[in-house]
Structures are given as structure tokens and as C-alpha cells.
Ligand code: FES
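Numbering (my numbering), first residue to last: 2 to 134.
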């Protein structure tokens, strides 16, 4: 394992053990939850939108380190963004944020939180990792 990979693994574990923006928003503008049908792991996201900007975002869930760390990273990235900007976030952004090569078997773990945003809160209805199957 190279130095970079070691660093990124610790970074992912840190987000897993100390998730940022974890919890619920009392009166969210959007709320949605999805599970990974392969394993039953869950991510849910609450968004509070004010004047077209993501004023607050919280996630909850349970599951593997990749799914939970990826949700934590996504919330950090989106907080304070305009909704339009946040909507442009795609699969590649999420995967590069994790910083390690994600094997095809773990792609759904990595993209579960993005699915919650796309398929749920924004009604785009598409699992971004579908073509990986
Ligand atoms: Fe379930 Fe990763 S093993 S989301």
C-alpha cells in the first residue's frame, strides 16, 4: 500500500467514525432515504434550502465505512452551495473525493449518498452507478 492510499484510508475512516453533519433537520425542505438493496445499508439526507442555497444539510444512516464516509464528505461539500451548483455534482466528483480506487463491487457503497440526493430530493430518479453493474 502506498503512502497516498494509507492516507486516504485513514481519511475515510475518520469520516466514518466522526461523521460530519450527522443527524436530522427539524423542518427540512427535502428529506429522502435510500438503502442499498444488496446489503441493506441506509443513508438518509435532510436539506434545508433558503433562497436557492443549501443552508443546512444533515445525514443519517448505517452501513459500511465507504457509504457513510462518502455521505459525510458529500454533506461537507454541499453545505453553502447553491442548489443549482449542488445539482451538478456527479459520480466522478464523489469518487474522486474519496481519493482511492473503488472496486466495482463497492461502487454502490460510494454512490449511495449521491443516489439519495439525485433520486430523492431532486427527483432525478436515476441511480448514478447503474452502468457499473
Ligand atoms: Fe452496504 Fe457498502 S456494504 S453500502
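Note that beta-carbon positions come from the ideal geometry of N, C-alpha and C, so glycine has one too.
For residue j and residue i, the rounded distance between their alpha carbons
i: residue 92; j: residue 104; result: 14 angstroms
i: residue 21; j: residue 32; result: 17 angstroms
i: residue 64; j: residue 77; result: 19 angstroms
i: residue 89; j: residue 14; result: 26 angstroms
i: residue 71; j: residue 11; result: 13 angstroms
i: residue 30; j: residue 47; result: 7 angstroms
i: residue 27; j: residue 109; result: 28 angstroms
i: residue 67; j: residue 107; result: 8 angstroms
Beta-carbon proximity list for residue i, same chain, < 6 angstroms, skipping 5 on both sides
i: residue 79; result: 55, 58, 87
i: residue 34; result: 45
Residues that residue i bridges to, as DSSP identifies them
i: residue 59; result: 47
i: residue 31; result: 48
i: residue 36; result: 43
i: residue 23; result: 60
i: residue 1; result: Residue 1 lies beyond the range of the chain shown here (2 to 134); nothing can be said about it.
Same chain only: Cβ atoms within 7 angstroms of residue i, ignoring 5 sequence neighbours per side
i: residue 83; result: 53, 54
i: residue 134; result: Confidence in residue 134 is poor, its pLDDT being 42 and thus under 50, which makes the residue's placement unreliable; the coordinate value appears in the next sentence. Within the same chain, residue 134 has no close Cβ partners at all.
Take every Cβ of the segment 32-47, pair it with every Cβ of the segment 96-103, and state whether three or more of those distances are shorter than 8 angstroms.
no
In chain order, what residues have a CB nearer than 6 angstroms to some heavy atom of ligand 1?
37, 40, 42, 64, 65, 67, 68, 110, 113
Would the segment 7-18 and the segment 111-123 be scored as touching if the rule is three or more Cβ pairs under 8 angstroms?
no
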